[in-house]
Amino acid sequence: MSCGLAWRAVLAFGLGAAFALPVLGQKSTADGINQYRALLADGNPAELWEAKGEALWKQKRGPNNASLEACDLGKGPGVAKGAFVELPRFFADTGKVQDLESRLLSCLQTLQGFDAAAIAATPFGRGEQLTLEALVAFVAAESRGLRFKLPQGHAEERKMLEVGRRLFFFRAGPYDFSCASCHGEDGKRIRLQDLPNLTKNPGDGIGFAAWPAYRVSSGELWGMQRRLNDCFRQQRFPYPGYASEVTVALGVYMGVKSEGAASIAPSIKR
Amino acid sequence: MSTRREMLARSAAVAALLAAAGVLPARAQAAWNKAAFEAKKIDDVIKALGLAKPVESAEISFTAPDIAENGAVVPIAASTSLAGVKRIAFLVEKNPTTLAGVFDFTDAVETSVSTRVKMAQTSNVLAVAITGDGKVLFAQKEVKVTLGGCGG
Amino acid sequence: MSDPMRIRAQVQGSGAVVRVLMSHEMETGLRKDAAGATVPAWHITEVVAALNGKTVMTAQWGTAIAKNPFTQFTVKGAKSGDKISISWTDSRGDKRTDEVVVA
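Chains A, B and C supply the protein sequences, listed in that same order. At position 84 of the first sequence the residue is numbered 84 (this note's numbering), and the sequence of numbers has no breaks. Each position in the second sequence, counted from 1, maps to that position plus 270 in this note's numbering. Each position in the third sequence, counted from 1, maps to that position plus 422 in this note's numbering.
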């Protein structure tokens, strides 16, 4: 390195470090993180999944060689717009409360002839799980900006809310964690990650309203199912089944508590 | 939004037609500069690009975040009102290989570009602007890289 | 077979702002997979941007450009209806071109 350049770099770094140390409190770091996220807001790679999802929604696939355009996500067959902010909800044809991914599995099986159980058993990021990632991104994007309003008119929906609430506060695993350990109060954080309080509406585009999301750390699109799976891993719980009742119940609880929050999904995350 | 898929399908079809007709832009650019992309220090990159020693310039506007939540994706942008800038190169000093990318401009575009780079660790990031008559100027900024905590 | 790029070209002032999102792994060649084997480098090496068939910008990229790269630049004098095409070539010799009409 030439002398001139080296001195400039050392001086800049030295001055930067000297000013940074006393000033680097939580507030300025948080501002820095917000600036970073703002710079990434335009050109979210999740858009690549949204485009693929739209194509897969309309493409004839599977043993039945059918598209998903008759799939009912709660607002009528084929209606994707607005469906995301009303899920999870009760579906009469399956007789149960389902979230987006559970419902997509039903449609993949019923309409297209895929084996839902096999897809549920497929690891994230492989095979038909990639199809689900894309579909989840597309369907979520069709509700961008809309506010969550999960229906609670059916007895099953109300039951799942209560189940979800109990699960949220249920302490288990080797560390005796629950969802509430991290997400049960205002103002918590782990290192630089703010932890939203999910027992209430944490604000537009936060928490439940920010998933699915593109995770830059792995360059992958994560649906809520994968996000929950990772939460369980972080708590050292056994992994939940894909689209299992536990995950759907937690989704009902978080979704109902987020009522009124505007969805920004698919968003971009660390 | 309903035209998204149609737009993409049409663009793929158009591209195929253009390729068949031999109308796609002929790439008159230089071959990929292996030596520059394998260099591990700023000086070696500058040498491999055949440039004079860069001079710091306040006329290059260089935008980068103070802190990157994840080094896998760091948004950076450089623009300059200096006359005759033909090329902007982005260097990340502490990366295993320092040169991230080089952008070459014709008169038909503004000398302004944003992109996203990977950073292995906290490092100086440089935008080096090269004019048609060989002047080499740079702006730099230290970007802190942190992995952040769990979740999110 | 690579996935399509997302290209947006919008008139702004006397030119057009072009935003491109490409789908590419951009492997550095330094990463190890779950089995411990090093994943070989695989990345876009060249990018060409053209307005109505004429090259306006080119780029050479290394492994430090992020996965699923996003690039933004401004084409002077581009009008609504003009065609912007973006082409990339990668280290395996794969190529892709996508085109969009300036809005």
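Idealized CB from N, CA, C, for every residue including glycine. From a predicted model like this one, the values you see are computed outputs, not experimental measurements.
Inset, instruction - With a threshold of 16 other CB atoms inside 10 Å of the CB of Y36(A), please say whether the residue is buried or exposed. - result: buried
Inset, instruction - Spell out whether any CB of chain C is found under 8 Å from the CB atom of S393(B). - result: no
Inset, instruction - Return the CA-CA distance between T467(C) and G499(C), expressed in angstroms with no decimal places. - result: 28 Å
Legend entry - Presumed contact (8 Å Cβ cut-off) between N509(C) and V470(C), rounded CB distance: It is Ser, not Asn, that sits at residue 509(C) in the sequence shown. With a Cβ gap of about 5 Å, S509(C) and V470(C) count as contacting.
Inset, instruction - Check the Cβ of R441(C) against every Cβ in chain A and list those closer than 8 Å, keeping chain order. - result: D42, G43
Legend entry - Best match in P151(A), F138(A), E69(A), T94(A) for proximity to E277(A) [C-alpha to C-alpha]: Residue numbering for chain A in the displayed model covers 1 to 270; residue 277(A) lies beyond these limits and cannot be assessed.
Inset, instruction - Rank C231(A), I268(A), D115(A), Y175(A) by C-alpha distance to the C-alpha of G271(A) and give the top, closest one. - result: What is shown of chain A runs 1 to 270, which leaves residue 271(A) out entirely.
Inset, instruction - Keeping to the same chain, check which residues put their C-beta closer than 6 Å to that of P45(A); ignore five residues upstream and five downstream. - result: Y214
Legend entry - CA-to-CA distance, L473(C) to P295(B), given in whole angstroms: The predicted position of P295(B) is uncertain, since its pLDDT is 43 and thus under 50; no value can be drawn from it.
Legend entry - Cβ pair W57(A), A80(A) closer than 8 Å: yes
Legend entry - Exposure of L228(A), with buried meaning 16 or more beta-carbon neighbours within 10 Å: buried
Inset, instruction - Can you grab the Cα-Cα spacing for the pair Q152(A) / T94(A), in whole Å? - result: 17 Å
Legend entry - Nonlocal neighbours in the same chain, by C-beta distance under 6 Å from T381(B), ignoring five residues either side: T350, V355, F375
Legend entry - Host beta strand (DSSP E) of Y214(A) (start-end): 213-215
Legend entry - Contact set between I33(A) and chain B, taken where Cβ atoms lie within less than 7 Å: I337, E339
Inset, instruction - Apply the 10 Å Cβ neighbour rule to A70(A) and answer buried if 16 or more other Cβ atoms are within range, or exposed otherwise. - result: exposed
Inset, instruction - Closer than 7 Å by beta-carbon distance: list the chain A residues that pair up with D425(C), in chain order. - result: L48, K52
Legend entry - the region 238-246 of chain A in contact with the region 177-197 of chain A per 3-pair CB rule at 8 Å: no
Legend entry - The beta strand (DSSP E) enclosing E447(C), as first and last residue numbers: Note, E447(C): premise wrong, no beta strand (DSSP E); not H, not E.
Inset, instruction - Could you tell me if V559(C) is buried or exposed, where buried requires 16 or more neighbouring beta carbons within 10 angstroms of its beta carbon? - result: This structure cannot speak to residue 559(C), because chain C is shown only from 423 to 525.
Inset, instruction - Would you kindly work out how many angstroms separate the C-alpha atoms of F495(C) and E162(A), rounded to a whole number? - result: 51 Å
Legend entry - Closest Cα partner of A51(A) within the set T460(C), A525(C), D425(C): D425(C)
Legend entry - Chain-ordered residues of the region 379-405 of chain B with a beta carbon less than 7 Å from chain C: V379, E380, S382, V383, S384, T385, R386, V387, K388
Inset, instruction - Quick one: residues in its chain with C-beta nearer than 6 Å to the C-beta of S327(B), no 5 flanking neighbours on either side, listed in chain order? - result: L407
Inset, instruction - Would you mind working out which of T29(A), P266(A), K269(A), S258(A) sits nearest V413(B), comparing C-alpha positions? - result: T29(A)
Inset, instruction - Go through its chain and collect everything with a Cβ distance to R233(A)'s Cβ below 8 Å, but skip five positions before and after it. - result: Y239
Legend entry - Contact under 8 Å by Cβ, G113(A) with N34(A): no
Inset, instruction - Use the C-beta contact count for A353(B): other C-beta atoms within 10 angstroms, 16 or more gives buried, fewer gives exposed. - result: exposed
Legend entry - Limits of the alpha helix (DSSP H) - the one that T131(A) falls within: 128-141
Inset, instruction - Kindly list the residues whose CB is nearer than 7 Å to the CB of R171(A), restricted to its own chain and excluding five residues on each side of it in sequence; keep chain order. - result: F177, S178
Inset, instruction - Assuming A348(B) contacts K388(B) (C-beta within less than 8 Å), just tell me the rounded distance between them. - result: Not really, about 17 Å apart at Cβ, beyond 8 Å.
Inset, instruction - Report the three-state DSSP secondary structure of K388(B) (helix, strand or coil). - result: coil
Legend entry - C-beta neighbour in chain B for P462(C), strict 8 Å: no
Inset, instruction - Mind reading off the beta-carbon distance from L396(B) to L361(B)? Whole number of angstroms is fine, and I expect it under 8 Å. - result: 4 Å
Inset, instruction - May I ask you to report which of helix, strand or coil DSSP gives E185(A)? - result: coil
Legend entry - Selection from A305(B), K323(B), N365(B), I346(B) that minimises the alpha carbon distance to S331(B): I346(B)
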